[in-house]
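Below is one structure, written out as structure tokens; the observations come after it.
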Amino acid sequence: MKPTLAVWKFASCDGCQLTLLNCEDELLQIADCVQIANFTEASSAVIDGPYDLSLVEGSITTPGDAERIRKVRDASRVLLTIGACATSGGIQALRNFSADLAPVVYASPEYIDTLRTSTAIADHVTVDFELRGCPIDRKQLLEVIGAFLTGRKPNVRGHSVCVECKRAGLTCVMVAHGTPCLGPVTQAGCGALCPAVGRGCYGCFGPMESPNTPALSRKWLELGVADHGLVRAFRTFTAAAEPFRKEADTHDAR
Amino acid sequence: MTHGSRVKVPGLSRVEGEGGLEIITKNGEVTEARLDIYEPPRFFEAMLRGRQYTEPPDITARICGICPIAYQMSACAAIEDACGVTVSDQVKKLRRLIYCGEWIESHALHIYLLHAPDFLGYESGIHLARDHPDLVKRGLRLKKTGNQLMTVVGGRSVHPVNIKVGGFYRAPARGALRELVAELEWARQAAEDTVRWVSTFDFPDYGHEYEFVALRHPSDYPITEGRIVSSSGLDIAPESYDEHFTEFQVPHSTALHSVLDGDKTYLTGPMARYSLNHDRMPPDIAAVAREAGLANTCHSPFLSIVVRAIELLYACDEALKLIVGYEPPDPSAAQVEPKDATGYGCTEAPRGLLYHRYRIRADGTIEDAKIVPPTSQNQRAIEADLRDFAATRLHLSDHQLTHECEQAVRSYDPCISCATHFLDLRVRRQ
Chain X
0 MKPTLAVWKF ASCDGCQLTL LNCEDELLQI ADCVQIANFT EASSAVIDGP
50 YDLSLVEGSI TTPGDAERIR KVRDASRVLL TIGACATSGG IQALRNFSAD
100 LAPVVYASPE YIDTLRTSTA IADHVTVDFE LRGCPIDRKQ LLEVIGAFLT
150 GRKPNVRGHS VCVECKRAGL TCVMVAHGTP CLGPVTQAGC GALCPAVGRG
200 CYGCFGPMES PNTPALSRKW LELGVADHGL VRAFRTFTAA AEPFRKEADT
250 HDAR
Chain L
0 MTHGSRVKVP GLSRVEGEGG LEIITKNGEV TEARLDIYEP PRFFEAMLRG
50 RQYTEPPDIT ARICGICPIA YQMSACAAIE DACGVTVSDQ VKKLRRLIYC
100 GEWIESHALH IYLLHAPDFL GYESGIHLAR DHPDLVKRGL RLKKTGNQLM
150 TVVGGRSVHP VNIKVGGFYR APARGALREL VAELEWARQA AEDTVRWVST
200 FDFPDYGHEY EFVALRHPSD YPITEGRIVS SSGLDIAPES YDEHFTEFQV
250 PHSTALHSVL DGDKTYLTGP MARYSLNHDR MPPDIAAVAR EAGLANTCHS
300 PFLSIVVRAI ELLYACDEAL KLIVGYEPPD PSAAQVEPKD ATGYGCTEAP
350 RGLLYHRYRI RADGTIEDAK IVPPTSQNQR AIEADLRDFA ATRLHLSDHQ
400 LTHECEQAVR SYDPCISCAT HFLDLRVRRQ
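Residue numbers (numbering that gives the first Met the number 0), protein chains in the order written: chain X, 0 to 253; chain L, 0 to 429.
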């Protein structure tokens with residue numbers, strides 16, 4: 000029996016599950032190795048669980064979704080979260096840092112049922128592995144699916160974008176051009192795409208393991224970035240990830 | 000079907016995002032057809048308030064992983080409009096080139112993986128591939144060609160990093176674009192074959208008189224700019240959008256509905272674009288459309304797959320022409336200084352008209368943002384079609400009726416992720 004694969008969507012842009020469909024050269028091979036049992040964006044065929052491997056995209060923003068993720072967890076042998084929304088709450092976690100807008104914002108708020116916060120899947124259920132990125136990287140996705148299907152540890156490292164940037168032979172945009180860059184505190188995986196086009200990293204893979212955010216902030220301040228600029232930089236695509244949340248709060252308070 | 004019944008599809012498949020549909024009948028007549036959208040709202044317009052005028056291209060890209068370029072381009076157009084900046088012709092052409100990549104990627108995905116399986120009786124493109132591997136491989140290779148084009152110009156295909164207000168962080172080298180020519184030439188031929196293939200499908204006998212809305216450009220098939228025109232003679236600049244289009248909330252959708260001039264239901268997207276701009280197609284592509292039996296106006300949502308295939312062909316053809324004539328923009332981006340002003344931007348996303356409006360302060364802070372995506376605009380047209388379509392098919396079993404209605408909805412290529420989160424409205428309720 001082929002292992003079963005399920006793909007689930009919570010609050011998100013669809014970009015991370017699209018990354019699976021963007022594996023154009025591998026998609027039909029993947030479909031040979033696993034039974035795609037639930038992937039509503041791609042298929043009308045739905046097979047009941049339990050599922051051997053569940054990929055979860057998106058964050059928890061409604062009471063209904065907070066319930067649904069528990070059912071998904073119960074029905075999944077291995078559960079992997081994919082992308083910034085699922086692993087940190089995503090861009091929609093910016094709501095966590097503002098006053099309740101609902102009474103101001105909605106014409107008819109009674110039709111809408113949302114939570115005050117957007118939170119990562121791991122805040123609600125046990126997650127077996129988190130794959131970062133906004134969006135996730137295609138090659139890392141293939142690596143992680145392959146690893147779980149063969150029962151080995153995924154080869155996804157927690158080091159910074161700087162390591163990838165150096166390996167790619169790129170000139171440091173911060174040292175050479177004084178361009179503020181989040182690379183030193185951001186987890187690798189993208190291939191240092193932003194420095195490759197001459198811009199600073201904007202942190203879409205979220206914080207690396209043990210990032211030294213205060214040191215980077217000092218460097219940014221030296222480069223002329225104001226505290227509110229630092230708040231915005233740390234509070235964008237992975238605003239609720241703990242090290243970035245803390246660093247933004249520090250500068251917000253100043 | 001029995002008297003006074005209700006047919007419900009709780010979860011639509013092969014669409015982007017989370018939605019369902021519901022048809023309510025009484026005494027043999029359809030009393031209500033609803034596209035239920037329960038995708039959780041994400042409040043982008045509220046999140047943009049207080050951010051800097053340089054940030055919307057990266058932030059609004061995250062509304063949709065399938066058409067991020069559309070969001071980036073409409074955002075840039077609106078902010079540059081507010082700041083009184085006109086970008087160079089070279090930047091305009093490079094924007095059109097990466098947008099062609101998005102049309103190729105998105106249309107190939109919809110045609111091959113989401114829509115064609117309906118006509119051929121399969122549950123997905125993956126099921127279709129078991130019997131027709133070469134067809135699906137052609138679709139995947141087309142899709143990959145679009146993604147490669149976006150990657151070379153934008154750095155990556157989902158949420159490209161090279162787009163900024165004013166232009167690009169770095170202009171791609173001529174050589175990097177030339178390397179795409181051979182694959183795009185293959186894609187152009189494959190797209191022509193796609194038109195022929197989809198034109199042989201068996202289309203349900205159904206038609207509707209639509210009020211179409213699309214951009215119109217003096218010389219080109221519309222992608223990145225133009226005036227907003229409609230079938231009944233609307234012809235306005237993007238800055239007049241709010242005077243003619245009104246959004247309002249309905250209980251069964253987390254995406255706002257939209258009407259034209261008070262109460263008119265309208266349709267945007269490939270059918271509208273083609274019907275209002277078929278005379279902008281190059282003669283050789285117009286000939287392919289004629290051979291495929293496509294009239295100048297498309298009245299059936301089911302035929303949209305043929306229109307999408309024609310646009311796929313156009314995007315491959317246009318991308319080749321843009322690469323041959325490519326001059327790297329220098330500088331790669333115009334300087335854009337903030338101004339105390341409001342700006343408007345409209346471009347043609349793969350699924351139709353995408354409107355952005357930003358109110359910016361002199362220090363660059365965004366005071367107010369409004370974003371109206373195509374699927375949200377199309378909800379009323381989809382529901383009107385469902386009502387008409389279901390009314391002629393009430394003799395079918397619930398199972399069959401459900402199946403056919405779901406296909407009808409899929410033919411619009413609704414993007415529910417896009418449509419939702421526009422609940423942020425100090426709106427003007429009805």
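Ideal Cβ positions, reconstructed from N, Cα and C, are used throughout, including at glycine.
Check                                                                                                                              : Outcome
Interface residues of chain L facing residue 71 of chain X [CB-CB closer than 7 Å]                                                 : Residues of chain L passing the Cβ test: none, with the nearest at roughly 14 Å.
Nearest neighbour of residue 114 of chain L, chosen from L/248, L/200 and L/182 [CA to CA]                                         : L/200
Contacts that residue 139 of chain X makes with chain L (C-beta to C-beta distance below 9 Å)                                      : Those do not exist, as residue 139 of chain X stays about 13 Å from chain L at its closest Cβ, beyond 9 Å.
Span separating the alpha-carbon of residue 27 of chain L from that of residue 414 of chain L                                      : 31 Å
Chain X within 9 Å of residue 360 of chain L, Cβ atoms only                                                                        : no
DSSP-derived helix/strand/coil call for residue 12 of chain X                                                                      : coil
Residue-chain proximity (residue 311 of chain L, chain X), Cβ-Cβ < 9 Å                                                             : no
Rounded distance between the beta-carbons of residue 46 of chain X and residue 80 of chain X, thought under 8 Å                    : Rounded, the Cβ-Cβ distance is 22 Å, inconsistent with contact.
C-beta neighbour in chain X for residue 123 of chain L, strict 9 Å                                                                 : yes
Element boundaries [beta strand (DSSP E), containing residue 34 of chain X]                                                        : 34-37
is_contact[residue 43 of chain X, chain L] using C-beta, thresh 9 Å                                                                : yes
Inter-stretch contact (C-beta, 8 Å, three-pair minimum) for the region 312-328 of chain L and the region 226-237 of chain L        : no
Straight-line gap, residue 359 of chain L to residue 338 of chain L (C-alpha atoms, nearest Å)                                     : 7 Å
Beta-carbon proximity list for residue 167 of chain X, same chain, < 6 Å, skipping 5 on both sides                                 : 191
Rounded C-alpha distance that separates residue 426 of chain L from residue 266 of chain L                                         : Note on residue 426 of chain L: pLDDT 21, under 50, position unreliable in the model; the coordinate value appears next. So the two alpha carbons sit approximately 22 Å from each other.
Partner residues on chain X for residue 21 of chain L, Cβ-Cβ distance less than 7 Å                                                : Within chain X, no residue comes near residue 21 of chain L; the closest Cβ sits about 16 Å away, beyond 7 Å.
Nonlocal neighbours in the same chain, by C-beta distance under 6 Å from residue 88 of chain X, ignoring five residues either side : 58, 117, 118, 119 and 239
Residue 5 of chain L burial status per 10 Å Cβ neighbour count (16 or more: buried)                                                : exposed
Near-chain X residues of the region 57-68 of chain L - C-beta to any C-beta below 7 Å                                              : 57, 58, 61, 62, 63, 64 and 65
Minimum Cβ-Cβ distance from residue 50 of chain X to chain L less than 9 Å                                                         : no
Buried or exposed (CB count within 10 angstroms, at least 16 for buried), residue 276 of chain L                                   : buried
Any 3 or more C-beta pairs closer than 8 Å across the region 39-59 of chain L and the region 207-225 of chain L                    : no
Residues of the region 23-40 of chain X with Cβ closer than 7 Å to any Cβ of chain L, in chain order                               : 23, 26, 27, 30, 35, 39 and 40
Classification of residue 91 of chain X by the beta-carbon crowding that lies within 10 angstroms, buried from 16 upward           : buried
Residues, ordered as in the chain, of the region 187-221 of chain X that lie near chain L by beta-carbon distance below 8 Å        : 189, 192, 193, 195, 196, 197, 198, 201 and 203
Reference residue 14 of chain L; option with closest CA among L/23, L/220, L/38 and L/29                                           : L/38
Burial state of residue 69 of chain X, where buried means 16 or more other Cβ atoms lie within 10 Å                                : exposed
According to DSSP, residues forming a beta bridge with residue 342 of chain L                                                      : L/357
Sequence ranges, beta strand (DSSP E) only - wholly within the region 183-266 of chain L, length at least 3                        : 212-215, 226-229, 244-247 and 256-259
Contact with chain L by residue 121 of chain X, beta-carbon distance below 9 Å                                                     : no
Contained alpha helix (DSSP H) runs [length at least 4] in the region 5-83 of chain L, N- to C-terminal order                      : 43-47, 55-60 and 67-82
N- and C-terminal bounds of the alpha helix (DSSP H) containing residue 362 of chain L                                             : Careful: residue 362 of chain L lies outside any alpha helix (DSSP H) and carries neither H nor E.
For residue 159 of chain L and residue 244 of chain L, the rounded distance between their alpha carbons                            : 30 Å
Continuous beta strand (DSSP E) stretch holding residue 411 of chain L: start and end                                              : Counting along the chain, residue 411 of chain L falls outside any beta strand (DSSP E), and DSSP gives it neither H nor E.
Whole-angstrom C-beta distance between residue 135 of chain L and residue 124 of chain L, which should lie under 8 Å               : 6 Å
Counterpart residues of residue 80 of chain X in DSSP-defined beta bridges                                                         : X/55 and X/129
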